[in-house]
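Asks: Let me begin by handing over the structure; questions about it come next.
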Amino acid sequence: MSRSDLTSPEECSHFPPKNEEEELFSWLISAGMSQVSVEQLLLELCERLSALGVHLVRGNIAMTTLHPQVSAFMYTWRDGQGIVSNTRFLHTDQPGEGWFASPFFYMLGKDIKFMHRQLESAENLDFPILVEFRKEGFTDWFGQFFDFGWGDADNSLEAGFGLITSWASAHPGGFTERDFSILRRAIPLFALAAKGIASFEVASTMLQTYVGQETAQEVLSGQIKRGAARSMDAVLVFADLREFTKMVDMVAHDDIVATLDQYLERMADPIIDMGGEVLKFMGDGMLATFELKEGNEADICRTALVSIQNMMHGIRRLNDKREKAGLPIMELDVALHIGEVMYGNVGSASRLDFTVVGSAVNEVSRMEALCDSLNTHVVLSGDFVSRALHCQDHFESAGLHSLRGVRTPRELYRLKTSSGYLADFANDAQFA
Numbered sequence: 116m117s118r119s120d121l122t123s124p125e126e127c128s129h130f131p132p133k134n135e136e137e138e139l140f141s142w143l144i145s146a147g148m149s150q151v152s153v154e155q156l157l158l159e160l161c162e163r164l165s166a167l168g169v170h171l172v173r174g175n176i177a178m179t180t181l182h183p184q185v186s187a188f189m190y191t192w193r194d195g196q197g198i199v200s201n202t203r204f205l206h207t208d209q210p211g212e213g214w215f216a217s218p219f220f221y222m223l224g225k226d227i228k229f230m231h232r233q234l235e236s237a238e239n240l241d242f243p244i245l246v247e248f249r250k251e252g253f254t255d256w257f258g259q260f261f262d263f264g265w266g267d268a269d270n271s272l273e274a275g276f277g278l279i280t281s282w283a284s285a286h287p288g289g290f291t292e293r294d295f296s297i298l299r300r301a302i303p304l305f306a307l308a309a310k311g312i313a314s315f316e317v318a319s320t321m322l323q324t325y326v327g328q329e330t331a332q333e334v335l336s337g338q339i340k341r342g343a344a345r346s347m348d349a350v351l352v353f354a355d356l357r358e359f360t361k362m363v364d365m366v367a368h369d370d371i372v373a374t375l376d377q378y379l380e381r382m383a384d385p386i387i388d389m390g391g392e393v394l395k396f397m398g399d400g401m402l403a404t405f406e407l408k409e410g411n412e413a414d415i416c417r418t419a420l421v422s423i424q425n426m427m428h429g430i431r432r433l434n435d436k437r438e439k440a441g442l443p444i445m446e447l448d449v450a451l452h453i454g455e456v457m458y459g460n461v462g463s464a465s466r467l468d469f470t471v472v473g474s475a476v477n478e479v480s481r482m483e484a485l486c487d488s489l490n491t492h493v494v495l496s497g498d499f500v501s502r503a504l505h506c507q508d509h510f511e512s513a514g515l516h517s518l519r520g521v522r523t524p525r526e527l528y529r530l531k532t533s534s535g536y537l538a539d540f541a542n543d544a545q546f547a
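The sequence shown begins at 116 in my numbering and counts up by one.
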């Protein structure tokens with residue numbers, strides 16, 4: 116990455132820099148307010164430090180994050196090579212022996228904010244990684260960490276962990292006094308900039324996790340005023356698991372959530388993978404949408420059907436595994452409808468929900484409740500069938516039915532037993 120990828124200090128200084136060192140500090144302040152990534156920030160910082168004559172050969176950072184799958188990120192820069200490693204750690208990862216023997220683990224456990232080791236002159240080094248660094252020709256090393264206030268209050272080693280950094284030199288005699296003078300000022304500014312960048316990324320990730328990608332974008336763009344909504348036509352997907360209450364009575368209390376997660380994952384992922392939006396989970400049910408685009412309605416209807424096919428296949432494979440293990444299973448019912456809905460903020464002044472509301476939402480939920488009596492797992496509205504032009508050969512009428520709260524009976528449809536949408540989806544590796 117060239118320096119032109121980041122705004123130059125001359126273009127965005129918040130105070131007039133008097134020398135090259137102050138230009139670095141001014142750039143760090145401005146970079147923290149921009150949209151660069153933490154990885155880019157580290158790369159540019161290390162390159163600028165080298166350009167200033169700081170004897171730096173390695174820079175390493177690790178930063179915790181609030182993410183449903185990822186617990187932390189780590190980046191390593193090497194002189195002349197740029198970023199040489201980009202690693203993410205999952206919540207399910209178990210730390211290896213190297214972590215427990217590292218200076219980082221020791222610093223966090225002892226709440227030591229700064230640790231310095233002169234590798235060249237020390238006879239006995241107290242951490243194996245430092246011995247390795249000395250063998251590589253490094254002469255000096257120090258580590259520093261910054262508490263962002265993020266972490267698990269029940270875990271003392273993570274409670275104060277935000278950003279942890281380490282820096283190494285291969286210069287004879289190690290870092291000079293000038294090196295330390297610059298680094299002592301630059302690194303805290305880097306930490307503050309990294310926190311500013313990461314805070315927005317965390318907010319975006321958390322919103323996407325809880326409300327979906329499209330809704331998160333709406334909220335982050337400022338659509339948070341109560342009552343703010345827009346009208347849209349959409350395919351509505353209402354999915355619900357049969358006999359969840361019975362399942363609860365058969366599964367150990369500690370396994371209820373894990374079991375439900377297995378099923379909900381196979382319900383939600385196919386929607387997301389096909390470009391739909393999962394709006395909310397309601398116990399053992401799910402509401403999702405595919406917004407209709409003008410001139411592309413038939414394709415979107417077909418996409419929605421493929422996502423349902425993938426969903427059903429995922430549930431079928433999960434049930435096969437559970438049956439082989441002697442565990443109880445649940446079947447899935449899905450209703451597809453098309454209608455105009457209001458998409459936006461509803462709720463109280465202090466607690467809002469970004470969702471869809473309208474008569475079509477009520478209808479699709481009432482339709483799903485008829486799956487059992489119609490002897491089908493997929494029920495479709497006449498509105499959906501009339502606009503799914505590519506799929507007409509797959510539908511058959513299930514007759515007129517009264518829906519609670521709807522004035523006039525609605526003709527409902529189901530998939531023919533010969534429909535390809537009831538066949539196993541070819542790519543079953545996703546749910547293996």
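Even for Gly, the Cβ is constructed at its ideal location relative to N, Cα and C. Since this is a predicted model, take the numbers as computed values, not measurements.
Would residue 219 pass as a contact of residue 259 if the rule is Cβ separation under 7 Å?
Replies: No. Outside cutoff.
Asks: Quick one: measure Cβ to Cβ for residue 365 and residue 445, integer angstroms, because I've assumed they're closer than 8 Å.
Replies: Rounded, the Cβ-Cβ distance is 10 Å, inconsistent with contact.
Asks: What's the C-alpha gap between residue 131 and residue 454?
Replies: So the alpha carbons of these two residues sit roughly 58 Å apart.
Asks: If you compare alpha carbons, which of 397, 407, 376, 377 is closest to residue 391?
Replies: Considering only alpha carbons, the answer is 407.
Asks: Considering only the alpha carbon of each residue, which of 420, 375, 432 lies closest to residue 530?
Replies: Of the listed residues, the one whose Cα sits closest to residue 530 is 420.
Asks: Whose CA, out of 153, 482, 522, lies closest to the CA of residue 189?
Replies: Checking every option, the nearest Cα to that of residue 189 belongs to 153.
Asks: Can you give the Cα-Cα distance for residue 537 and residue 432, rounded to whole angstroms?
Replies: Distance between the alpha carbons of residue 537 and residue 432: 14 Å.
Asks: Looking at residue 139 and residue 146, is the spacing between their C-beta atoms short of 7 Å?
Replies: Going by C-beta atoms, residue 146 is not nearer than 7 Å to residue 139.
Asks: Which term fits residue 495, buried or exposed, when burial requires 16 or more other beta carbons within 10 angstroms of its beta carbon?
Replies: With 16 or more other Cβ atoms within 10 Å, it is buried.
Asks: Measuring only the C-alpha atoms, how far is residue 385 from residue 144?
Replies: So the two alpha carbons sit approximately 42 Å from each other.
Asks: Here's the rule: buried if 16 or more other CB atoms are within 10 angstroms of the residue's CB, otherwise exposed. What is residue 415?
Replies: That one is buried.
Asks: Just the C-alpha distance for residue 352 and residue 382, rounded to the nearest angstrom, thanks.
Replies: Cα to Cα, residue 352 sits roughly 11 Å from residue 382.
Asks: For residue 222, count the other beta carbons within 10 Å of its own beta carbon; 16 or more makes it buried, fewer makes it exposed. Which is it?
Replies: Under this definition residue 222 is a buried residue.
Asks: Can you check DSSP and say which residues form a bridge with residue 514?
Replies: Answer by DSSP bridge pairing, in chain order: 527.
Asks: Give the C-beta separation of residue 187 and residue 204 to the nearest angstrom, bearing in mind that I take them to be a contact with Cβ-Cβ under 8 Å.
Replies: The pair is a contact, with the Cβ atoms about 5 Å apart (cut-off 8 Å).
Asks: Work out the CA separation of residue 293 and residue 300 for me, nearest whole Å.
Replies: Whole-angstrom Cα-Cα distance: 11 Å.
Asks: Return the bridge partner residues of residue 346 from the DSSP annotation.
Replies: DSSP, once it has assigned bridges, lists 457 as partnering residue 346.
Asks: If you draw a straight line from the alpha carbon of residue 206 to that of residue 518, how long is it in whole angstroms?
Replies: Cα to Cα, residue 206 sits roughly 45 Å from residue 518.
Asks: How far does the beta strand (DSSP E) with residue 190 in it reach, from first residue to last?
Replies: It spans 185 to 193 - the beta strand (DSSP E) in which residue 190 sits, taken as one unbroken run.
Asks: Going by beta-carbon coordinates alone, are residue 347 and residue 458 separated by less than 7 Å?
Replies: Yes, they are a contact pair.
Asks: Less than 7 Å between C-beta atoms, sequence neighbours within five positions excluded: which residues of the same chain meet that for residue 470?
Replies: For residue 470, where only same-chain residues beyond five positions count, the Cβ hits under 7 Å are 394, 395, 461.
Asks: Please report the straight-line C-alpha distance between residue 251 and residue 198, rounded to a whole angstrom.
Replies: Approximately 18 Å between the Cα atoms of the pair.
Asks: Considering only the alpha carbon of each residue, which of 502, 488, 503 lies closest to residue 514?
Replies: Answer by Cα proximity: 488.
Asks: In the DSSP assignment, what are the bridge partners of residue 403?
Replies: According to DSSP, residue 403 bridges with 352, 393.
Asks: From the DSSP secondary-structure annotation, give me the bridge partner or partners of residue 203.
Replies: BP columns for residue 203 point to 188.
Asks: If you run the structure through DSSP and keep just helix, strand and coil, what is residue 170?
Replies: Residue 170: coil per DSSP, three-state reduction.
Asks: Keeping to the same chain, check which residues put their C-beta closer than 7 Å to that of residue 134; ignore five residues upstream and five downstream.
Replies: Nothing meets the Cβ criterion.
Asks: With H, G and I counted as helix, E and B as strand and the rest as coil, what does DSSP make of residue 254?
Replies: Residue 254: coil per DSSP, three-state reduction.
Asks: Mapping DSSP to helix, strand and coil, what is residue 419?
Replies: Of the three classes helix, strand and coil, the one that applies to residue 419 here is helix, per DSSP.
Asks: Whole angstroms are fine: how far does the CA of residue 291 sit from the CA of residue 172?
Replies: Looking at the two C-alpha atoms, the distance is approximately 14 Å.
Asks: Within the same chain, show all residues whose beta-carbon is closer than 8 Å to that of residue 235, passing over the 5 residues directly before and after it, in chain order.
Replies: Answer for residue 235: 249, 254, 255, 287, 288, 289, listed in chain order.
Asks: What separation, rounded to the nearest whole angstrom, lies between the Cα atoms of residue 440 and residue 184?
Replies: So the two alpha carbons sit approximately 26 Å from each other.
Asks: Would you identify the three-state DSSP class for residue 226, choosing helix, strand or coil?
Replies: In the structure shown, residue 226 sits in coil (DSSP, three-state: anything other than H, G, I, E or B).
Asks: Give me, in chain order, the residues of the same chain whose beta-carbon lies closer than 6 Å to that of residue 269; leave out the 5 immediate sequence neighbours on both sides.
Replies: Here residue 269 scores only 46 on pLDDT, less than 50, and its place in the model is too uncertain to base an answer on.
Asks: Could you tell me which residues DSSP pairs with residue 495 in its beta bridges?
Replies: Beta-bridge pairing links residue 495 to 451, 528.
Asks: Compare the Cα-Cα distances from residue 504 to each of 166, 418, 425, 485 and report the closest residue.
Replies: Answer by Cα proximity: 418.
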